[in-house]
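Numbering (the UniProt record's numbering), first residue to last: 1 to 201.
Okay, here's the thing in structure tokens:
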């Protein structure tokens, strides 16, 4: 790899400060300043890739007053920010021109498109077979209900009262200090927290 390639120079992050032809460092671009211009600052919109060289004091002043959108109307700023959400790349709305590929919205072919196999022809309406109803809750929520001995039809009040009852029954204090029920108690508490996260309680 040629490290002196001009292409490689463009991707370096820390560039050495520019020097004047006689080898001395550039002076600050602020009028009347004799300090070394060690810090780069962007020149602004429409001049991307071009920089001023300032001393530390003047680069701080410049950064405090810098406004990339200076001179743009409110509509132009709003348009720029909207385009920034997609990285200023062109986008197309999906499903806007449904008839563009030779089909109309009603399913019939449009224009001079021929459909010899009838692939786009409307099919006669068939009565759907009755499908079993899918559960209302996720498998995690169903396991939490099962841990409390409840089904998916349980109300918030039922869940609360069942939780309190099981905690009282399995707490070590209620069992004379017997710690064998602690694992069951942890499972009940975890199930209740899961149901609260699912907004069932």
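Glycine residues also receive a C-beta, built at the ideal position from the N, C-alpha and C atoms.
It should be emphasised that the depicted structure is a prediction, and the values quoted were computed from it without experimental measurement.
| request: For residue 58, count neighbouring Cβ atoms within 10 angstroms of its own Cβ and tell me buried if that reaches 16, exposed if not. | output: With 16 or more other Cβ atoms from the protein chains shown falling within 10 Å of its own Cβ, residue 58 counts as buried.
| Per-residue DSSP class, three states only, for residue 42 | Strand.
| field | Per-residue DSSP class, three states only, for residue 186 | value | In the structure shown, residue 186 falls within a helical segment according to DSSP collapsed to helix, strand and coil.
| said: Residues in the same chain with beta-carbon distance under 7 Å from residue 214, minus the five sequence neighbours each way, listed in chain order, please. | reply: Here the chain has residues from 1 to 201 only, and residue 214 is not among them.
| Around the Cβ of residue 69, are there at least 16 other Cβ atoms within 10 angstroms (buried) or fewer (exposed)? | Exposed, because fewer than 16 other Cβ atoms sit within 10 Å of the Cβ of residue 69.
| query | Can you tell me the Cα-Cα spacing of residue 204 and residue 74, whole angstroms? | reply | Here the chain covers residues 1 to 201 and nothing more, so residue 204 does not appear.
| field | residue 64 versus residue 157: straight-line alpha-carbon distance, rounded | value | Between residue 64 and residue 157, the alpha-carbon positions lie close to 58 Å from each other.
| field | Cβ neighbour criterion (16 or more within 10 Å) applied to residue 37 | value | Buried, by the Cβ-count rule.
| field | CB of residue 170 within 7 Å of CB of residue 193, strictly | value | No.
| request: In angstroms with no decimal places, state the Cα-to-Cα distance between residue 84 and residue 48. | output: So the alpha carbons of these two residues sit roughly 16 Å apart.
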